[in-house]
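The structure appears right after this line, and notes come after that.
Protein chains: 2
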Amino acid sequence: MATFIELSNNIQNKFQKQVEGKKFHAAAELFRKLHPADRGKIFRELKSSQQKGFLLNLEIEEIADLFDELDDQETFSAAQVLPLPFLADVVDDMDPDEAADLLGDLSGQDVRRTISLMDEPEDVLPLLRYPDETAGGRMTTDYLVLKPDEDTHHAIEYLREMELESDVPYYLFVVENDGTLVGVTGLRELVYAPPDHLIRDIMNKHVISIEAMRDQEEAARLMIHYDLAALPVVTKKGRLIGVISHDDILDVMDDETTEDIYRLASVTDTGLEPESNIFKQFKGRLPWLLLNTITALFGSWIISNYEDLFLQVAVLAFFQSVVASQGGNAASQSVAMIVRSLALGKLEIKKVWPVLLRQLAVGMFLGVVVGLIVGTGVGLWQENPYLGLVLGLALLGNMLVASLVGTLGPLLLELLNQDPAMASSVLVTALTDSIGFLIFLSLARLFLPFIQKYV
Amino acid sequence: MATFIELSNNIQNKFQKQVEGKKFHAAAELFRKLHPADRGKIFRELKSSQQKGFLLNLEIEEIADLFDELDDQETFSAAQVLPLPFLADVVDDMDPDEAADLLGDLSGQDVRRTISLMDEPEDVLPLLRYPDETAGGRMTTDYLVLKPDEDTHHAIEYLREMELESDVPYYLFVVENDGTLVGVTGLRELVYAPPDHLIRDIMNKHVISIEAMRDQEEAARLMIHYDLAALPVVTKKGRLIGVISHDDILDVMDDETTEDIYRLASVTDTGLEPESNIFKQFKGRLPWLLLNTITALFGSWIISNYEDLFLQVAVLAFFQSVVASQGGNAASQSVAMIVRSLALGKLEIKKVWPVLLRQLAVGMFLGVVVGLIVGTGVGLWQENPYLGLVLGLALLGNMLVASLVGTLGPLLLELLNQDPAMASSVLVTALTDSIGFLIFLSLARLFLPFIQKYV
Numbered sequence: 015m016a017t018f019i020e021l022s023n024n025i026q027n028k029f030q031k032q033v034e035g036k037k038f039h040a041a042a043e044l045f046r047k048l049h050p051a052d053r054g055k056i057f058r059e060l061k062s063s064q065q066k067g068f069l070l071n072l073e074i075e076e077i078a079d080l081f082d083e084l085d086d087q088e089t090f091s092a093a094q095v096l097p098l099p100f101l102a103d104v105v106d107d108m109d110p111d112e113a114a115d116l117l118g119d120l121s122g123q124d125v126r127r128t129i130s131l132m133d134e135p136e137d138v139l140p141l142l143r144y145p146d147e148t149a150g151g152r153m154t155t156d157y158l159v160l161k162p163d164e165d166t167h168h169a170i171e172y173l174r175e176m177e178l179e180s181d182v183p184y185y186l187f188v189v190e191n192d193g194t195l196v197g198v199t200g201l202r203e204l205v206y207a208p209p210d211h212l213i214r215d216i217m218n219k220h221v222i223s224i225e226a227m228r229d230q231e232e233a234a235r236l237m238i239h240y241d242l243a244a245l246p247v248v249t250k251k252g253r254l255i256g257v258i259s260h261d262d263i264l265d266v267m268d269d270e271t272t273e274d275i276y277r278l279a280s281v282t283d284t285g286l287e288p289e290s291n292i293f294k295q296f297k298g299r300l301p302w303l304l305l306n307t308i309t310a311l312f313g314s315w316i317i318s319n320y321e322d323l324f325l326q327v328a329v330l331a332f333f334q335s336v337v338a339s340q341g342g343n344a345a346s347q348s349v350a351m352i353v354r355s356l357a358l359g360k361l362e363i364k365k366v367w368p369v370l371l372r373q374l375a376v377g378m379f380l381g382v383v384v385g386l387i388v389g390t391g392v393g394l395w396q397e398n399p400y401l402g403l404v405l406g407l408a409l410l411g412n413m414l415v416a417s418l419v420g421t422l423g424p425l426l427l428e429l430l431n432q433d434p435a436m437a438s439s440v441l442v443t444a445l446t447d448s449i450g451f452l453i454f455l456s457l458a459r460l461f462l463p464f465i466q467k468y469v
Numbered sequence: 015m016a017t018f019i020e021l022s023n024n025i026q027n028k029f030q031k032q033v034e035g036k037k038f039h040a041a042a043e044l045f046r047k048l049h050p051a052d053r054g055k056i057f058r059e060l061k062s063s064q065q066k067g068f069l070l071n072l073e074i075e076e077i078a079d080l081f082d083e084l085d086d087q088e089t090f091s092a093a094q095v096l097p098l099p100f101l102a103d104v105v106d107d108m109d110p111d112e113a114a115d116l117l118g119d120l121s122g123q124d125v126r127r128t129i130s131l132m133d134e135p136e137d138v139l140p141l142l143r144y145p146d147e148t149a150g151g152r153m154t155t156d157y158l159v160l161k162p163d164e165d166t167h168h169a170i171e172y173l174r175e176m177e178l179e180s181d182v183p184y185y186l187f188v189v190e191n192d193g194t195l196v197g198v199t200g201l202r203e204l205v206y207a208p209p210d211h212l213i214r215d216i217m218n219k220h221v222i223s224i225e226a227m228r229d230q231e232e233a234a235r236l237m238i239h240y241d242l243a244a245l246p247v248v249t250k251k252g253r254l255i256g257v258i259s260h261d262d263i264l265d266v267m268d269d270e271t272t273e274d275i276y277r278l279a280s281v282t283d284t285g286l287e288p289e290s291n292i293f294k295q296f297k298g299r300l301p302w303l304l305l306n307t308i309t310a311l312f313g314s315w316i317i318s319n320y321e322d323l324f325l326q327v328a329v330l331a332f333f334q335s336v337v338a339s340q341g342g343n344a345a346s347q348s349v350a351m352i353v354r355s356l357a358l359g360k361l362e363i364k365k366v367w368p369v370l371l372r373q374l375a376v377g378m379f380l381g382v383v384v385g386l387i388v389g390t391g392v393g394l395w396q397e398n399p400y401l402g403l404v405l406g407l408a409l410l411g412n413m414l415v416a417s418l419v420g421t422l423g424p425l426l427l428e429l430l431n432q433d434p435a436m437a438s439s440v441l442v443t444a445l446t447d448s449i450g451f452l453i454f455l456s457l458a459r460l461f462l463p464f465i466q467k468y469v
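From first to last, the protein sequence lines are chains A and B.
Under my numbering, the letters of the first sequence match residues 15 to 469, in that order.
Under my numbering, the letters of the second sequence match residues 15 to 469, in that order.
Quick look at the structure:
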């Protein structure tokens, strides 16, 4: 028997052919047979012109479900082709959290007109108040609540009537009349409790929640730490206003990972992809490269102060980059480890001293080994023991500098409430490069008479 | 009213004081009041000597629950202090997947003795067959199954008797008598179906599953794509043998992110933390640095072929590093974007040409801007227009090389079924450094008479 995945791939291939033949109606029939997640995937792969022709063959509800699957940018561009009254109906049918994100991307005028054309804007409006990156920006308002003084039998009947299609079916939150969150329970507890028990008596009163304005990453970390499939979002006064579900957290984690990896690699715009618009990529990559021209030229200026050395011993010019490059790599290693430990909540900022000492010790051992190997190798290659000595010592020194900079850089940013991943390669290698040149060339000046003897 | 988090922090502080006063019995009382996740957290923060004294004050079941919360390494070191017969009882009570991981870390002799002392090794033994990084290595055997020909009323009664404490309470999997997975349903569907319906009639037959030997990251991507809270794991013949739950996926994602970030930063051992043993850190960081000594010395060798240039125009030695450093940064940017796109499944390998052309275009624009700025700046600073020209052209050339290497490097590794993140800074910068030196110095030789006019 074919597996679900095989069947799905089969339908997707047929869909492609129909779309290429511009048979959008037949394509829509195939589309309906797919899992919502796969509908998102194949729609994403269409060209803009195909997307437009295809969308007009779908029902409003189907477009809403599709938009719920796409990411914000994709939804926004697909929404552009729909007339506003039609779009308003779609937004009405979307998940409130996705609908809010879409409205947030429209121009001010379009937002007002769309909202005025919607049948039920109440679900979405409260969500517009929270920035995308906060817990409030990630939550949905599509969840069910029980009252503490209901009995379990009535609660089950109530849930049956609701025919729950919510994102968060596993938890049932319990709120007082004023909306204050007081407990959590589940369908299992309802079903297996005697029918006349009160919700108050079966609910778990130790409910973990987060305030709406907190960062989404904090929400993700709470859900991971406590293994929660859903996290209630509350106001400062403790009123329940939304719920974040486990699949939102996966999106948050993907976003945060991209952000860390991009920042460590000095890419400013974390929304960039290899296939993004060329000008957008240019803009999102230029800032750090420009900063690097300044720091690299600072390195050049340091070297320029030793011009006389090169005229006497040109061989020095061969090896200054080795010192810089080893330092840069060692510093990147330290930065990666510190940034990751901070992100996972494994490293506390008060432990800065033991961590720094340990990194310096590791840097020293690495420096001794690399310095010995390179120093000996170059000493033999150039038949110049003092050149080898200077190079080895410079490597050791720069490894220690790399440990210092690579450890303190991200920790300092964390202390200043900045993203530690901003201690990216550009900043850290700028420092290790410059200091590396300085150490190598000043040692070379010190030992110049000895080096010259062997040239 | 104090929130859950505040109460929990309060208890944790009191716990700390009791442990510091070596009042382990009182500490254990406080410990029991905490959420399991927080129990793991405070235990982790104890010194080894404190862990030992404290563990002996807990019940077997409490230790098992605690071990379920710790990561593999932490569980292993805590388990060392327990006598084997006692440990066997603990392992009996642990989640089967965590128990299997712990057994996998023990020495062969200890594994055999522990298993022989266990009451119920049946749950754990099948899990020992799958490597840690596979779907089978992540799954638990602690789940419930229904038969297609049961009726819903009996199924509910059966579940009530089981008093389910499973990791995966949201899905109920349906298997034939030979264990073949044929469907999935949930408590909600059971409760709201008429009592005499057969499971076969209410179950969802399109069940998404994964084979046990597939990579855990693939399992994670399936669960994320289809928004699954649990993923059934099957044999090649389609028999259900385990289930992966959503919180396992979060752990997988954390592991994979660490792996990517570490590899991009040339850290070999992805288990390293800033506080790891110094020698372990040394061993986990040395390999790429050693490789870098070779590639950096190759760069030196390229430069050494231009020795005569430095003796004539020492100023060239100031700027060769600028070319290398800009190329390295631009290449790191490309690598980060490609690696991340591949990890998120957004980039398909068949699209290599359009992506490469686009990256080259971006690299060209970046090269033109950076080359113009640096070339003009240095030309004015050194009052040497031809030096500026050579530097600007070399920057443009090396930016194109960086785009090429930074794009093709990770794509090539992906094609070879290797981790694209292995195209780490060391490899990529080695290439851009060497080629950067080559371009700059050969252009300098070409323009030497003109450059010398202004020196």
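Quick reminder that beta carbons are idealized off the backbone N, C-alpha and C, glycines included.
Tell whether a beta-carbon distance below 7 Å holds between residue i and residue j.
| i | j | result |
| --- | --- | --- |
| B:GLY385 | B:LEU409 | yes |
| A:ALA331 | B:ALA338 | no |
| B:ALA243 | B:HIS260 | yes |
| B:ALA114 | B:ILE224 | no |
| A:LEU479 | A:THR89 | This structure gives no information on residue 479 of chain A, because the portion of chain A shown stretches from 15 to 469. |
| B:MET108 | B:PHE81 | yes |
| A:ALA93 | A:THR128 | no |
| B:ASN416 | B:VAL349 | The identity of residue 416 of chain B in the sequence shown is Ala, whereas the question assumes Asn. No, Cβ-Cβ distance for B:ALA416 and B:VAL349 is not below 7 Å. |
| B:PRO99 | B:LEU131 | yes |
| A:PRO110 | A:ASP79 | no |
| B:GLN334 | B:PHE451 | yes |
| B:VAL6 | B:ILE170 | Lying outside 15 to 469, the shown extent of chain B, residue 6 of chain B is not represented and no answer is given. |
| B:ARG299 | A:GLN396 | no |
| B:ALA226 | B:VAL247 | yes |
Apply the 10 Å Cβ neighbour rule to residue i and answer buried if 16 or more other Cβ atoms are within range, or exposed otherwise.
| i | result |
| --- | --- |
| B:ILE449 | buried |
| A:GLY423 | buried |
| B:GLU270 | buried |
| B:ASP181 | Residue confidence for B:ASP181 is low, a pLDDT of 45 falling below 50, so the modelled location carries little weight; the figure read from the coordinates is stated next. Burial call: buried. |
| A:GLN230 | buried |
| B:GLU172 | Glu is not the amino acid found at residue 172 of chain B; the sequence shown has Tyr there. B:TYR172 should be labelled exposed. |
| B:PRO97 | exposed |
| B:MET413 | buried |
| B:GLN432 | exposed |
Assuming residue i and residue j make a contact with CB atoms under 8 Å, what is their CB distance in whole Å?
| i | j | result |
| --- | --- | --- |
| B:LEU204 | A:ARG202 | Between A:ARG202 and B:LEU204 the Cβ distance is about 11 Å, and since that is not below 8 Å, they are no contact. |
| A:TRP302 | A:VAL440 | 5 Å |
| B:GLY420 | B:ALA345 | 4 Å |
| A:ARG354 | B:ILE292 | Not confirmed; about 18 Å, so no contact. |
| B:ILE263 | B:TYR240 | At roughly 12 Å, the Cβ-Cβ gap does not stay under 8 Å, so B:ILE263 and B:TYR240 are not in contact. |
| A:PRO434 | A:LEU356 | 5 Å |
Identify every residue that forms a DSSP beta bridge with residue i.
| i | result |
| --- | --- |
| A:ILE258 | A:LEU245 |
| A:ARG253 | A:THR194 |
| A:THR154 | A:VAL257 |
| B:ASN497 | Summary: the structure shown does not reach residue 497 of chain B, with chain B confined to residues 15 through 469, and so no result is reported for it. |
| A:ILE224 | A:VAL247 |
| B:ASP165 | B:LEU212 |
| A:THR272 | Bridge partners of A:THR272: none, in fact. |
| B:LEU160 | B:VAL188 |
| B:ASN306 | B:ASN306 is not bridged to any residue. |
Next on the checklist: Could you check whether the region 249-256 of chain A touches the region 272-290 of chain A, counting it as contact only if at least three pairs of C-beta atoms, one from each stretch, sit closer than 8 Å?
Outcome noted: Because the criterion of three Cβ pairs below 8 Å is not met, the region 249-256 of chain A and the region 272-290 of chain A do not touch.
Checklist entry - Using 8 Å as the threshold, is the region 343-362 of chain B in touch with the region 288-301 of chain A, meaning 3 or more CB pairs across them? => result yes
Checklist entry - Is the region 445-459 of chain A touching the region 302-321 of chain A, taking contact as three or more C-beta pairs under 8 Å? => result yes
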